[in-house]
Amino acid sequence: MWFKGTGKVFDSSSPNAGLLKGQIFGTPTQKNCSTRFDNVNQSHNGSYFFRLEASNKLRFSLRKPTYSQVQLAILGSPPKPTLRLFRDRQQMMEGGSVSLRCSTKIFCPFHPPSLTWSSSLNESITERQHQTQTELISDLNFTVSHRHHRVTFTCTATHQLQQQNTTKSHMLQVQCAPKNTSVWINPAGLVLEGGSVTLSCSSDANPAVNYTWYRDTEGLLNPVQTGPNLTINNTNSTHSGRYYCTAENKHGTQNTSVLLDVQQINFCLRPADN
Numbered sequence: 029m030w031f032k033g034t035g036k037v038f039d040s041s042s043p044n045a046g047l048l049k050g051q052i053f054g055t056p057t058q059k060n061c062s063t064r065f066d067n068v069n070q071s072h073n074g075s076y077f078f079r080l081e082a083s084n085k086l087r088f089s090l091r092k093p094t095y096s097q098v099q100l101a102i103l104g105s106p107p108k109p110t111l112r113l114f115r116d117r118q119q120m121m122e123g124g125s126v127s128l129r130c131s132t133k134i135f136c137p138f139h140p141p142s143l144t145w146s147s148s149l150n151e152s153i154t155e156r157q158h159q160t161q162t163e164l165i166s167d168l169n170f171t172v173s174h175r176h177h178r179v180t181f182t183c184t185a186t187h188q189l190q191q192q193n194t195t196k197s198h199m200l201q202v203q204c205a206p207k208n209t210s211v212w213i214n215p216a217g218l219v220l221e222g223g224s225v226t227l228s229c230s231s232d233a234n235p236a237v238n239y240t241w242y243r244d245t246e247g248l249l250n251p252v253q254t255g256p257n258l259t260i261n262n263t264n265s266t267h268s269g270r271y272y273c274t275a276e277n278k279h280g281t282q283n284t285s286v287l288l289d290v291q292q293i294n295f296c297l298r299p300a301d302n
């Protein structure tokens, strides 16, 4: 039997009749009286002691301070899972390996929780799960690329008894050299003399890159301007040529180019009528 204060809350002779319902699934003759309670709620918080009664004269209660009592603390909802980078590496280089670990407490071995992963990258994820007596653990191990920069990984724990999901997320910070550097002309299409045109450059990188513009003049690359945008006003034919953009950070550089062709405006005069 289990008591809370002076009140009996569970009796194995009628396990579904008391305040707490459950089962003793141990073997008392082997000194194992493990008990499972199935309907706990926050009103059951408190200190409990165990009493043994047999068909003979055996009577004994573990209620004195010299004996251990069981303190129950019932949570209203399951806690969030724990998610961390293995070895707590907050910054990582492209091409390196990363391990994400998510864990959640196992409150009831008969109704264990489950862990699932998702990411904003929307690609398949391979995980490995294992558990201890008190925790369920799921590990993600993969090689990072520049596509993983600022990607959020989310671990969701589902506790069957509460029918509740709790989540924890982590955003990766990946260090990488410039990738996918590209340039474009605005406005697009035909560039006429006397107008204004802007050449723009972008790149995927971490940390952020510095941009430098060069112009191919008779086979020589001459620096023109720094910054992601190069604007030319009052264009003329002398501005025609190939322009190069260099994206650079501490991990490397990448170049790309675009051909600017400024067209002259030709006026056609129709002869006057006689």
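Here the numbering used here runs 28 ahead of the position in the sequence shown, where the first position is 1. C-beta atoms are modelled at their ideal positions from N, C-alpha and C, and glycine is treated no differently.
| field | Residue ranges of each beta strand (DSSP E) within the segment 215 to 262, 3 or longer | value | Entirely contained in the segment 215 to 262, the beta strand (DSSP E) runs reaching 3 residues are, in chain order, 225 to 234, 238 to 245, 248 to 254 and 257 to 260.
| request: Answer with yes or no whether the minimum CB distance from S230 to chain D is below 8 Å. | output: Protein chains in the displayed structure number just one, and chain D is not present.
| Cβ distance (whole Å) where S228 is taken to contact P256 below 8 Å | Between P256 and S228 the Cβ distance is about 6 Å, and since that is below 8 Å, they are a contact.
| query | What's the gap between the Cα of E163 and the Cα of K92? | reply | 32 Å
| message | DSSP three-state label for P206, please. | response | strand
| Helix, strand or coil for T162 per DSSP? | coil
| query | Where does S142 fall in DSSP's three states? | reply | strand
| query | Distance, Cα to Cα, F114 vs Q253? | reply | Going from the Cα of F114 to the Cα of Q253 covers about 43 Å.
| field | Q99, DSSP secondary structure in three states | value | strand
| task | For A275, write down the residues that DSSP places opposite it in a beta bridge. | result | Y239 and Q282
| query | How long is the line joining the alpha carbons of K207 and S147, rounded to whole angstroms? | reply | 22 Å
| Comparing alpha-carbon positions, which option in Q282, A216 and T259 lies nearest N238? | Q282
| With respect to the beta strand (DSSP E) encompassing C130, which residues constitute its N-terminal and C-terminal limits? | It spans S125 to K133 - the beta strand (DSSP E) in which C130 sits, taken as one unbroken run.
| Hey, out of C273, T284, N277 and N264, whose CA is closest to I293's CA? | N264
| task | With DSSP collapsed to three states, give me the class of R178. | result | coil
| Beta-carbon proximity of V211 to L288, cut-off 8 Å | no
| Contact under 8 Å by Cβ, G50 with P43 | Yes. Within cutoff.
| said: Looking at the secondary structure, which residues open and close the beta strand (DSSP E) in which R64 lies? | reply: T63 to F65
| Where F114 sits in the DSSP three-state scheme | helix
| Per DSSP, I213 forms a beta bridge with which residues? | L227
| Between the CA atoms of T186 and F138 - distance to the nearest angstrom | 14 Å
| For the beta strand (DSSP E) that H198 lies in, which residues bound it at each end? | Q192 to M199
| query | For A233, is the classification buried or exposed, using 16 other Cβ atoms within 10 angstroms of its Cβ as the cut-off for buried? | reply | buried
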